[in-house]
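Visitor:
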């Protein structure tokens, strides 16, 4: 199974559409959004031919965001604990580094996917892989937008610039 991971689209419709196009071309079955979609109109871009899961980011202030996402996917609120092909996965925006570290160090998850910093991250810590796909380019972080693809059969995570 191929899973797409993205974060911090911050209402940039062009980047959100490019992310969806990348996921569709890669044949993903599920997309995980690690928060900061921001508005319902951006969430609608992810209403596509894959399962969609999203967690709340610190900039997701629209009251209707959860309702819109629930119309075509699953809105998990603060954090999600999921399983794909025997891989345990936590999805959290990453607002608290203490909580990110707790999720990674808990030993409960094979993968922890997060956002917030806008900085691509791949870190193996013990038996857990910590991944941030990156986000909308901001000073001090990545200068281009990336998404990640997780292949559950291979256990690989790859980054793609969109």
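Residue numbers (the UniProt record's numbering): 1 to 162.
C-beta: ideal position from N, C-alpha, C; glycine also.
Near residue 45, which residues of its chain fall below 7 Å by C-beta distance, leaving aside the five closest residues on each side in sequence?
Guide: Within the same chain, residue 45 has close Cβ partners 13, 16, 17, 20.
Visitor: How would you call residue 8, buried or exposed, if buried means at least 16 neighbouring beta carbons within 10 angstroms?
Guide: Buried, since its Cβ has 16 or more Cβ neighbours within 10 Å.
Visitor: Would you say residue 149 and residue 61 are within 7 Å of each other, going by their C-beta atoms?
Guide: In this structure, residue 61 does not lie closer than 7 Å to residue 149 by Cβ.
Visitor: So, with DSSP's three-state summary, where would you put residue 46?
Guide: Three-state DSSP puts residue 46 in a helix.
Visitor: Please report the straight-line C-alpha distance between residue 73 and residue 125, rounded to a whole angstrom.
Guide: So the two alpha carbons sit approximately 30 Å from each other.
Visitor: Give me the Cβ distance between residue 103 and residue 111, rounded to the nearest whole Å; I'm assuming they're in contact under 8 Å.
Guide: Residue 103 to residue 111, Cβ: 10 Å. No contact.
Visitor: Three-state secondary structure (DSSP) at residue 177?
Guide: The chain is shown only over 1 to 162; residue 177 falls outside these bounds and no answer can be derived.
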